[in-house]
Structures are given as structure tokens and as C-alpha cells.
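Below: one structure, written as C-alpha cells.
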Amino acid sequence: MGQSTSEQEGQEHADAPLEEGFNNIKAFVEEELQTSMMMGMVIGAGIAIILIAILIFFMLRRMQLRNLQAQEAPKYRFRKRDKVMFYGRKIMRKVSQSTSSLVGTASSSRPRLKKKQKMLNIAKKILRFKKEVPTLVAKEPPPSVLEADLTEFDVANSHLPSEVLYMLKNVRVLGHFEKPLFLELCKHMVFLQFQQGEYVFRPGQPDSSIYVVQDGKLELCLTGMDGKDGVVKEVYPGDSVHSLLSILDVITGHQKPYRTVSARAAEVSTVLRLPVEAFLSIFEKYPESLVRVVQIIMVRLQRVTVLALHNYLGLTNELFSHEMQLLRLLPLSPHPVPRTSPQRHGKRFGSLTVPVEDREAAVKDAPDPGKDGATVPPTLSRTISMPVDIAGMQKNLRSDFDMAYERGRISVSAEDGNTPPTYTRDQRERRVTVDEVPSGVYLYPEEEGGPDNQFSPGPGPVPGRPSPALFEEALKELLKLMRIEDPALLNGRVTLHHAKAGTVLARQGDQDVSLHFVLSGCLHVYQRMIDKQDAVCLFVTQPGEMVGQLAVLTGEPLIFTIKANRDCTFLKISKSDFYEIMREQPSVVLSAAHTVAIRMSPFVRQMDFAIDWMAVEAGRALYRQDDQSDCTYIVLNGRLRSVIRKANGKKELVGEYGRGDLIGVVEALTRQPRATTVHAVRDTELVKLPEGTLNNIKRRYPQVVTRLIHLLGQKILGNLQQARGPFSGSALGRSSVASSPDVTNPASNLSTVAVLPICDEVPINAFNLELSHALSAIGPTLLLTSDIIRERLGASALDSIHEYRLSGWLAQQEDINRIVLYQTDSSMTPWTQRCIRQADCILIVGLGEQEPALGQLEQMLENTAVRALKQLVLLHKEDGSGPSRTVEWLNMRSWCSGHLHLRCPRRVFSRRSPSKLREVYEKVFEKTADRHSDFSRLARVLTGNSIAVVLGGGGARGCSHVGVIKAMEEAGIPIDIVGGTSIGSFIGALYAEERSAVRTKQRAREWSKAMNSVFKTILDLTYPITSMFTGAAFNTSISKVFQDKQAEDLWLPYFNVTTDITASAMRVHQDGSLWRYVRASASYTPYLPPLCDPKDGHLLVDGCYVNNVPGQSS
């Protein structure tokens, strides 16, 4: 038992280590398991985090890809049949090319080639393989059109001193002086140095100089009612301080001191002073230049100061002085004298409208030579408009006086007055309405004894006639007032008239005016208020005063109406007679100009200092985008272009400004930075109205604020309407003061047009004469060629030495004519370069029936920086085929703003000598231009008077559009542009192609019958996923009507409107496949599927969803 116990103990001792080892192992395993579990948990958590991060990464990546895909152009998947068609056509092209390369091989292979050709034709029919029609390549305007010159008025790099350049810049306000005259002026320049705050001149000092800032800055101040000086203008280097009225006072010998105007140096400044007396010495050496300089001062005073303040700010009687120093005539006898019945011309008018020519016959009707021995003065034919220089009139205009004579629109005819005056359409339609008060104009009969006794009544008492002493005194006072040295100059040129109460002697806007010197009674002068029918009395012309001299001197239309409110006796000198007197004694112009100057109010004299006349050279920037807005501009002549720079740096053409347009008024009134960059297309003259001057006027005349608000509202409204139009690049509406938007259409309000032929076969002479005839129905038109320039200005007129003289004469022609046509030579001569430089628009004229080509002269033009817009004009014979291949004509040229097709009468293409051609068109000009001709349409496009017809959508009701077009034809209303939406786009395209309501009706009826087929409609049904019909039948019917016709090949400019559902925007189409865009514009979505635009792949549907009647798009 003891042994067994010991064995058990030994065995326990032996098992103990085993248990301990097992326990250790167990503990180790447990520890390892815990560690493994922890590690597993950590690893699992890490893996989970990694998976979550990967998931988030892919989700973000997918979202980014979606955003990128949304921003990028959409990608479309082809249907299987589309893939088959695409690759089938691709293979067919290669097969066609390989087959054509085998032509000319051995004769044994010819039958095989014929078989291949038949198979190819079958395959082409199956794959609908058609010849690809060329499409118009989208081109951007060249840099010369959109970018202004980076260099401004370059003084540092000029070969002339800065003082000479600055003086030349500012003296040009008085006209283009020849080099000897200008150098004579420079001898009188004086340099002055002023410290900051120092006054250049003060009130009370003589007003007899022109000040030009060379360095520094001046401030022009006006003394207000409270005695404080207010800054109205800041004058920077190159600008000047002067007044046209002050210059006129010095020239006429009536120098006055400064009254309320002063100038001080805002910083240390160097100023050039030119005494006005320097001009007097020039006038002594060159007396003919006196008339021209005074006339230019009058013209610019009227346009810059008076009309700018009246038309744009609405000021009327504030511009004229009401207090005048009267010239005392001998009083009339207080006792009534028995009166004989005077010779009366005209009738007693009630509420009638009397033509201008009839009124002139009533006012002045000289007796016949055989009656009572009366002497008839030489007759001058007054030519108001010169449509074209056919008869070679007004030749050899070489002197300054002749240029002034022409500006006055006077032409001396060798005839004895039998030729009637030429009037424009507006002048023919103008009427003078006489009040209901019975009135008339009496011309007292002249007595025998010749012209010396013209003013003297016959012996013995004449009942009712003024006494001889009054006539003698009136004659003396008239001689004294006009400073006429030789009384014989008035012989036969002055007539005596008596006007009954209520007689209207001249009406605002009349062109042919006269001088009126009041003897007894008075003449009231009225002016219409802006945007109102009411008239305001400006002033009253008392005995001893003259009226009408401003219009006589300038040749401009009369700016007011002259009326006798009570019986009045006056002397009358016609415009032609005054110019004859002025030819004999040029100093007469000083007296007439002085009477105008003293009639201006002190306010006008202040504004004459503050309002600037400035010139901008071609290519120079008037202001740049984001510049500070500190002034407003008014265009006098020339042309400017507005360009905007987008955020991506791309520049776009916004609009253009022509004569009479207002620039920068919106930014100036709202004090916002300039929205665009405006640069000069060619040499331009403008009126600058500083912000300080405008504020001064607003404080002085609060009613101006109402006018400015009205202007601002119209400008903003015009911008909103124009932003939607497709023809923003080929303007159609002429802007006016009352309705023009601040940014005008590029081709509107043109003043000069250059005509450039593509080849020698183009009948350019007949084309220009035909266009001149059409333009003459709209306004005075002048055609200029190099031969005409040499005839008028001399053989050396185109030499560089006469640059200023030619520029001044051409600028004058633009002033007195509505539009000037420049006919280029057949090569790049100096005259051709001048035409391109002067042009607002260049017409490139070609023959539509010839192969598209680029002329030699046009190639030279492509290599030069031309800023004027270019338009392609293709001529077609009257009985020839319609337009075709226009896209090829356009693609081979740089950017053109538009194109036109003209159907010409047979006389244009007939080959005649210049003399025969002149005889033919002399007869043509005797007739009124046909408003329905294509040349009249071109004339309306150039002058901004185009008539557009826009046809709306409406399904079957759109057939009524044909009736509307027919009614317009019956009413004689021409149609120049056609546009539409949906069914309107279809009818419009038909009319643009046919230009006949009858043919349009026939083709529309045929198409409607084809569309009424029930069988074809049922076959066109499809599973309605996108539409009820496949559209195949509709596509076939439209394509059969227009076939492969392109929108560019239509006779009339055409556009239609669609809805782009890809970009959610309205699309306006003016070029491309005609049937495709007509089909797209009529794709009403419940019935027809969208059409894919071949240009960008966007999906297009009916335009009625965005604009059913796109009237503003025209």
C-alpha cells in the first residue's frame, strides 16, 4: 500500500510538469488568439476604410466625369442603320475614286468599267449617296475690323515738333489749311508757362486767342449766379480752349472780353497761345479763304452748339438772345395815304397745303422784260440735290470761294432760268401749311427807270405805299449793316415784299431760304420742341434786323420757322443773289456772320467754350473698354465702330455709329465704366460734351433732366431689342436722334460707299449710275470718280501736296449730300486708295453668272488692313438664271458682313460708249426710280430704310401669309427681307426664291396637295417614343420643293427661327441647306422628331416654342 502511494505521488510529480506545460500552451494560445483577434479587427477595419475610400473616390470621379460630360458637347450614338449608311458611303467614295483612276486604260476593260459603274449607281441609290453641297465656312472678322491701333496720338515719333502737331490738330477746326497758310499761322505762336492755380485768363480780359495745352492740365471754369466758379471741362495735352464765336468776333472786328469764363492751371502747365489776329494777316494774303473759314465756323456753330443743345438736350429759346440793338429807320407817316392795289402773287389761302415751289413763285415773281420796261435780274438755277454729275456741272471748283459756293447748294447755270430746280423726294413732299387767317404775300411793282430806281417809287403819291424816304433810308441801312461798299451790287438782287398777318415765309426744314430785312412790322421766329408738335417763339425780328442769314451762309436746312404775326414789309435777298454779292465783295460774309453771333445768347457763348470739336484719325480709339466715363460724344461726320471684349478674351463686333449718332450716353449718365471699345473706322469729327458741362446745364435748366431720362430709356430699350436680332452684323434700320439705340447696327446710317469691281467685265459705270438714280429718291446723292475729281479740283488734285484740300472738299460733299458713292479705278491708284480710306462700306461687285473668282484689285485689298465693312454684290441679267454657287463666292474671300443678289435691267449690261451711256441715264434720271427694283432695294439697305416681312407660325392658318404678301404687292410696298417661324418660314422661303406672290401661291398649293395624302400619312406612322410620325414623308415633301437650294442663293435675304433643345436657346439661321432649316423650323414635337443640325449636331425643333413671330429679329 505504501508502495502504491509512492507510485501515485511519483506519477503526480511526473504529470505536474505536463499540466503546467499544457496550461502554458493554453495560455499562450489564448494570448495568441486574442492578439490575432485584435490584429484581425485592425486589419478588417483597415480594409473596410480602404474599401470605403476607394468607393468614395470612384463616386467622386464619376461625379466629376458627369460634370465634364455636361460641359462638353454632347456625344450621340449612331443607330445601326446610320452606321451602315455612314460606312457604306465611305466605302463608296473610295470605290468611286479607284474607279475614276482606271479611266483611260485598255479598251478591253471598258465593258467591265461600265458594269462597275452601273453597280455603283445602284449602290448610290440604295445608300442615298448624293454630291456634297459646299457649306459656308464660318469666319471671324479680321483684326483690322475689331482692334484699334495701340498707339495713340504719337508725338514722340513724329518728325514735327509737338507744338506744331497740337496746333495743327486744333486749328483744323477752322478747315483744312494749305501748308503755306499753316506755316504762316505757326509764326504767331507764343509759349506760356503757368504754375498750379495760376489763371490763364480771367473775366474781363480780351477774348482774342486760342490756347493749346502742351504739358500739364487746365481747368475751364464758369462763374455761376452765386459768384462761385465751377469746373465744366478739364483740358489735357493736345486739347485747346477757344470759342468759335470769339474767333468770329475778332475776325469781324467786334472783339469782346471774357465775361463768365476763366481758365486756370490744375498743375504746372505749358500752354501755346495763338492770337486770332494771325488769321487776319492770312485773309489779307488769301482773301478767298475768308469766306470759307467763316462759313465753316457758321456750319460748326450750328451743328455743334445749337443743334447739339437743341436735339439732344431739348433747349430752344434758351439759345437765342431776345435783346437786340435796333437800327432806327425813318418812321412811317402817321397819316394814312391812299393806297393803290399792289401786284399780288399767289392766292388767299385758307387751310391749304402749298408746295414749296408754288410758295416761292408767290413770294418772288419778277415781271417780264417787256412789261413797263422792268429790268429782270439774271436768273440762277438753285440745285438743292445733285444726284449724279452727268452733265458735268460745277466744273473747275478750285478756289475756296467756289467750295463755299457749292456748300451753299448754289449752282450757276448758263441757261436763262428755264431749268427747274431738282428736289429730293422729301423736299418734293414737303408742304408749307398756312394758317386759317387769310394771308398773302404782295410784291410791289417796280417803276420804270432801270435797276437804280428799283427802290424808288414813281413820282406823285402812291396810295398805301411807303414813302420814298423810307426806301432810301432802308437801302442805306442795309448797305451799312452788310458793309457793302458799292451800292450797285444790290441792283436787281433785292425785292420788296409785304406780308399779311399770319403768313408763313419759311418753314423749319426748308432748304432754299433767303435773307429777310425787316422794314416795318416784325417777323416771329418759331422752333418745334423735341418730341412735341408745339412750337416755341425763339425771338422776334424787329425793323432794321435780318433773319435767315445762318441758313444762307451754311447751306443747311432752316432750323426754325419764320412767320409774320401781323402785317410786315421787308426786303428779300435770295440765297443765290447773296452769293453773287459775296463773290463781288467777300467781306459781306463778315457782316452777315456778325448778325448771327450777336443773336446767340450768353449761355451759348459759355457752351461754345465748354463743348469741344474733336477729330479722331482712322484706327485710333475714342475710348477703351473699362475706361472712366466722363463725357458724351455726337458724331458729325465719319464712322466709328464699337467692339466688346468678352471674359475669354474674344472680341465681338457690337455696332457702328454714323453721322448724328450719340455715343456713350448710357455710361456717362449712369457713371459706369465704358462697356465697349470705340475706335474710328475712318477719319471722324465729333462733338465732345464733358460731364461737368452737362451737370452745369442740368443745374441751370432742370427740364434737361427729363430729356436725358427719356434719351436714356430709349437707348437702353434699343439695346435690349437689338440684342435679339440676327442682322446685328448687317444693319437694316437707320438710327435717329429720337429712336436710335446707343449701339447701332453696323451697316446703318452710311454716308460714304466705295464700289470696287471684281473684274473688268463688270459694268461698273452703269452700276453706279443705276445705284445713284435709286439713291436720289431717298436723298441727295453724289457720284465721284477720279475723272470728276480732276475736272472739279484740277489735274493735280490727287497729288499728295493737296491732301488737306482734297480731304476738306470730300468732307464738304459728305455734309451736303445724304450719301456719296466713290467709284474706284481698275487698279490700285491713289484715287482707289482714297476711296477705300473714305468708305464706310465697300461694295465688291461681281457677275453672278461667271465662275466664282477673286479679282486682282480685291487680292491687293486682302493684303491691306481695311477697316470698312465689305459686302458682296452679285449682278444677274434680267432674263438669266437664278443665283447659284454663292457659298463659293463667299468662301474664297475673307469675312464679309453680307451679300446681295441684284437682277439688273438690260441697259446695265448693254455695251455703250461713255457719251452714249450718259445720254441714256440723263433720260433715266428724268423719271422716278422704281421702288420695286433691286437697285432700290440696295439703296434702302445702304441708307437703313429696308422693309422686312416676318411671318409667324400657325399650321394650316399660315397659308394666309400668301394673301398678306399679295396685299403688300397691290399696295406697292416693296419687301427687302423675309423671315419666319414654322409655316411662316416655308412661305417666306418660297417668296424669297420667287419674289412673286402668284408663284408663291402656286408652289404652296402644290405642296399642300402633296401633304394631304392619307396613304402617305399612314405609312409614316411609327412607335410614338419621340413623335407620332417618322418625318420621312415630310422631309421628302420639303426637299422636293427646295431641292438643293441654299439660303445664300435666294434673291432676298432670308432667315428663320428654330428651338435648340440641346442648348435650350433660340437659333436664327441665315445660311445653309434651305429645306433642312425650313423642316427644323416646322418640327412640331408631338408629330415630328427633331432635326439634327449638320453644323454642330444640336437637335432643332419648331421655333414657335421660343418666338412664334420673330419681329425683333429683323
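When the letters of the sequence shown are read in order and numbered with UniProt numbering, they come out as residues 1 to 1114.
Ideal Cβ placement from N, Cα and C applies to all residues, glycine included.
In this text, all values refer to a predicted model and were calculated from it rather than measured experimentally.
Check	Outcome
6 Å Cβ shell around K1095 - same chain, five flanking residues per side excluded	none
Own chain, CB closer than 8 Å to A266, minus 5 neighbours either side, in chain order	Q196, G216, K217, L218, E219 and E234
E19 versus I25 - alpha carbon distance	10 Å
Pairwise C-alpha distance: L558 and R566	22 Å
Nearest-angstrom Cα separation, counted from S1081 out to C959	16 Å
Simplified DSSP assignment, three categories, for M219	One point to set straight first is that residue 219 is Glu, not Met, in the sequence displayed. DSSP places E219 in strand when its eight states are reduced to three.
Y1007 - DSSP class collapsed to helix/strand/coil	Note on residue identity: the sequence assigns Trp, not Tyr, to residue 1007. The answer is helix: DSSP assigns W1007 an H, G or I state.
Reduced DSSP category for Q302 - H, G, I as helix; E, B as strand; rest coil	helix
Host alpha helix (DSSP H) of N637 (start-end)	Element bounds for N637: not the alpha helix (DSSP H) but the beta strand (DSSP E), C631 to R645.
Where E485 falls, given that 16 or more other Cβ within 10 Å makes a residue buried	exposed
Euclidean distance between Cα positions of A53 and H1098	39 Å
Local Cβ density within 10 Å of D1044, reported as buried at 16 or more and exposed below that	exposed
Opening and closing residue of the alpha helix (DSSP H) in which Q859 lies	Q856 to E862
Q1043 beta carbon near the ligand SAH (any heavy atom closer than 8 Å)	Looking at this structure, you won't find the ligand SAH or any other ligand, since it has none at all.
Distance between G972 and C221 (C-alpha atoms, nearest Å)	58 Å
Close Cβ partners of N1108 (< 7 Å) along its chain, the five nearest in sequence each way excluded	G952, G953 and T981
Cutoff 9 Å: K217 Cβ touching any chain C Cβ	Judged by its chain identifiers, the structure shown contains no chain C, having just a single protein chain.
Sub-9 Å separation of Q549 and T595 beta-carbons	yes
Cβ-Cβ distance between S751 and D840 below 9 Å	yes
Contact the segment 855 to 863 vs the segment 883 to 892: 3+ CB pairs below 8 Å	no
Spatially closest choice to R995 from V941, Y1054, W1007 and N696, by CA coordinates	Y1054
Spatial distance of K698 from V291 (CA atoms)	36 Å
Segment limits, beta strand (DSSP E) that includes D229	D229 to V235
Those residues which DSSP pairs with H679 across a bridge	A621 and R641
Whether V924 touches L821 by CB criterion (9 Å)	no
Check whether H242 and I210 have beta carbons under 9 Å apart	yes
Enclosing beta strand (DSSP E) for Y701 [first to last residue]	Premise fails: Y701 is in no beta strand (DSSP E) and is neither H nor E.
Beta-carbon proximity check, L248 vs V294, cutoff 9 Å	yes
Secondary structure of C1092, DSSP reduced to three states	strand
Residue nearest to Q520 in terms of C-alpha spacing, selected from G492, R493, L1088 and E473	In the sequence under discussion, the amino acid at residue 520 is Ser, which differs from the Gln named in the question. Here the closest residue by C-alpha is E473.
Distance, A123 Cα to K114 Cα	14 Å
Contact between the segment 675 to 688 and the segment 630 to 644 (3+ Cβ pairs under 8 Å)	yes
Endpoints, alpha helix (DSSP H) assigned at G967	For clarity, residue 967 is Ala in the given sequence; the question names Gly instead. Looking at the DSSP string, the run of the alpha helix (DSSP H) that includes A967 is S960 to E970.
Segment limits, beta strand (DSSP E) that includes H524	L523 to R528
Distance between L771 and R907 (C-alpha atoms, nearest Å)	13 Å
C-alpha distance - I43 paired with L33, whole-angstrom precision	15 Å
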